[in-house]
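All remarks here apply to the structure that follows.
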Amino acid sequence: MKALKVTCLVLGTAAAVSAAQAETVQLGPRPFFLIDQMDDSVLKSKLLSCAERDFERKLFSIGHRGAPLMFPEHTVESNVAAARMGAGILECDVTFTKDKELVCRHAQDDLHTTTNILSSPLAPKCTAGFAPAANGADASAECRASDITLAEFRTLVGKMDAADKTAQTVEAYMGGTADWRTDLYAASTGTLMTHAESIDLFRTLGAKFTPELKAPAVAMPFDGFSQEDYAQKLIDEYKAAGVPPEDVWAQSFNLNDVLYWIENEPEFGKQAVYLDSRYNVEGFDPMKPETFEPSMQALKDMGVNYLAPPTWMLVTLAEGEIVPSAYAREARAAGLNLITWTLERSGPLGGGGGWYYQSIKDATTSDGVMFELLHVLAQDVGIVGVFSDWPATVTYYANCMDLN
57 MKALKVTCLV LGTAAAVSAA QAETVQLGPR PFFLIDQMDD SVLKSKLLSC
107 AERDFERKLF SIGHRGAPLM FPEHTVESNV AAARMGAGIL ECDVTFTKDK
157 ELVCRHAQDD LHTTTNILSS PLAPKCTAGF APAANGADAS AECRASDITL
207 AEFRTLVGKM DAADKTAQTV EAYMGGTADW RTDLYAASTG TLMTHAESID
257 LFRTLGAKFT PELKAPAVAM PFDGFSQEDY AQKLIDEYKA AGVPPEDVWA
307 QSFNLNDVLY WIENEPEFGK QAVYLDSRYN VEGFDPMKPE TFEPSMQALK
357 DMGVNYLAPP TWMLVTLAEG EIVPSAYARE ARAAGLNLIT WTLERSGPLG
407 GGGGWYYQSI KDATTSDGVM FELLHVLAQD VGIVGVFSDW PATVTYYANC
457 MDLN
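In this note's numbering, the protein residues as written are 57 to 460.
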């Protein structure tokens, strides 16, 4: 009965907005606020010229965990908001429960920061319970999806992803939301989803799919469940739902997962996305192709068609102007399609923009730089899509520039 109730809630919420969503895309004031922060330029004039047009859903605009700038990530509510803002592709980060059921969470071990589990009857089942800050050590906890069954997972409520590491109590620890985000939409809602439910929801909302196979926090195989079983189960749920492969961009930071799909599910493998985290490799430099291992051409030769690095790896500064990096040029020369992440995840940009803007920090002096970066990524780098925590910004740009 509980499973039926949750499924009905997911589909009922989608049905309630689908008719309106089909008629109009609602962007709200934020794109206009960002344009107002820009210095006068040809780009600013072009963006202003689009203010009165009718906006449409765009595949270029990808909802990153829905719209988690303001809504609890990977919830029904977050994804409905992203769809209303014109995101043409929506994301379910996929992990698994104790009984090996696939669910939408950014990490297998994030329930303590993204749900109410620590204040629920399930808290004793966590890998590590709450420990208050003491003697210079941060407050901590670790709760995994694999600690609980799917039935137990369904009893949880999503919250904004945050934790107060100075906390002395569970209640305080569950706070900590960044001051440039909000808990306004997280006070009483936050409907979690299975991967299969996300497929039903996204289809009802008229969006396509980009599931990410997350690295397990547990040793694999897990109770006989191998990494290959995990990768296959993700694809099987799209096949069971009758979703055509061309509507799915399956992702992983694990190149072996991508190669598994290319070999074993070639129709889905054509659009499999290799999420590039080689910035963690000692010696890697996006401005030095000789440090790329494997090389861009080697990735293409393996059958990889889509590559997705963070935004900063694709750009650099030349005489104070944002331009494509060597990484971007090499990827395009090898025939790789580029997707990037993540806009609207950095808060106010006046102080250099933080991690996602590190390669252009000297030019990141106001929130208006977001559109300048997006313009270079789209027009000069040639990305085919961008993840955003608030898709309205990307949807506005994609409509104004007549992108897909």
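Ideal Cβ placement from N, Cα and C applies to all residues, glycine included.
Going by DSSP, Glu-129 is part of no beta strand (DSSP E) at all; its letter is neither H nor E. A Cβ-Cβ distance of about 6 angstroms is found for the pair Ser-422 and Gly-406, placing them in contact under the 8 angstroms criterion.
Per DSSP, Leu-115 is one residue of the beta strand (DSSP E) stretching across 114-119. The C-beta distance from Thr-153 to Thr-222 rounds to 31 angstroms, too long to meet the 8 angstroms contact threshold. DSSP lists no beta-bridge partner residue for Ser-282. Straight-line measurement puts the Cα of Gly-424 at about 5 angstroms from the Cα of Gln-93. In the structure shown, the three-state DSSP call for Ala-139 is helix. Sequence-distant Cβ neighbours of Gln-414 in its own chain, meaning closer than 6 angstroms and more than five residues away, are Trp-368. The alpha helix (DSSP H) runs lying completely inside the segment 187-226 and spanning 4 residues or more are 206-209, given in chain order. Closest option to Arg-86, judged by alpha-carbon separation, among Val-432, Ala-297 and Pro-404: Pro-404.
Residue environment: Thr-80 is assigned as exposed (fewer than 16 neighbouring CB atoms within 10 Å of its CB, all protein chains considered).
Under DSSP, Val-442 forms a beta bridge with Ser-117 and Thr-396.
For Cys-456, the enclosing alpha helix (DSSP H) starts and ends at 448-456. At a Cβ-Cβ threshold of 8 angstroms, Gln-283 and Trp-305 do not count as neighbours. Assigned with DSSP and collapsed to three states, Glu-302 falls in helix. A Cβ-Cβ contact shorter than 8 angstroms links Tyr-362 with Tyr-330.
Where Tyr-383 is concerned, the enclosing alpha helix (DSSP H) starts and stops at 382-389.
Tyr-413 carries a helical assignment under DSSP once its states are collapsed to helix, strand and coil. Counting every other CB atom within 10 Å of its CB across the protein chains shown gives Lys-114 a total of 16 or more, marking it as buried.
Straight across, the Cα-Cα distance linking Met-343 with His-162 is about 29 angstroms. Measuring C-alpha to C-alpha distances from Lys-181 to each of Ala-189, His-168 and Gly-192 identifies His-168 as the nearest. Under a 10 Å Cβ-count criterion, Glu-227 is classified as exposed, with fewer than 16 other Cβ atoms of the shown protein chains found around its own Cβ. Judged by beta-carbon spacing, Asp-332 lies beyond the 8 angstroms limit of Ala-354, meaning their Cβ atoms are not closer than that value. Counting other Cβ atoms within 10 Å of its Cβ, Phe-89 stays below 16 and is therefore classed as exposed. Here the C-alpha atom of Thr-183 lies approximately 49 angstroms from the C-alpha atom of Asp-110. Taking the C-beta atoms as reference points, Glu-208 is found no nearer than 8 angstroms to His-251. Listed in chain order, the alpha helix (DSSP H) runs fully inside the segment 79-106 are 86-92 and 98-105, counting runs of at least 4 residues.
Ranked by Cα distance from Asn-320, the first of Leu-290, Leu-429 and Val-337 is Leu-290. CA-CA distance, Gln-82 to Trp-446, rounds to 12 angstroms. According to the DSSP secondary-structure assignment, Lys-264 is paired through a beta bridge with Ile-145. In the three-state reduction of the DSSP assignment, Tyr-316 falls in the helix class. For Thr-170, no beta strand (DSSP E) segment is defined; the enclosing uninterrupted segment is the alpha helix (DSSP H) at 167-170. No Cβ-Cβ contact shorter than 8 angstroms links Met-426 with Thr-398.
By the beta-carbon neighbour count (other beta carbons within 10 angstroms, threshold 16), Gly-376 is exposed. By the Cβ-count criterion, Trp-411 is exposed, with fewer than 16 other Cβ atoms from all chains shown falling within 10 Å of its own Cβ. Under DSSP, the beta-bridge partners assigned to Leu-363 are Tyr-330 and Leu-394.
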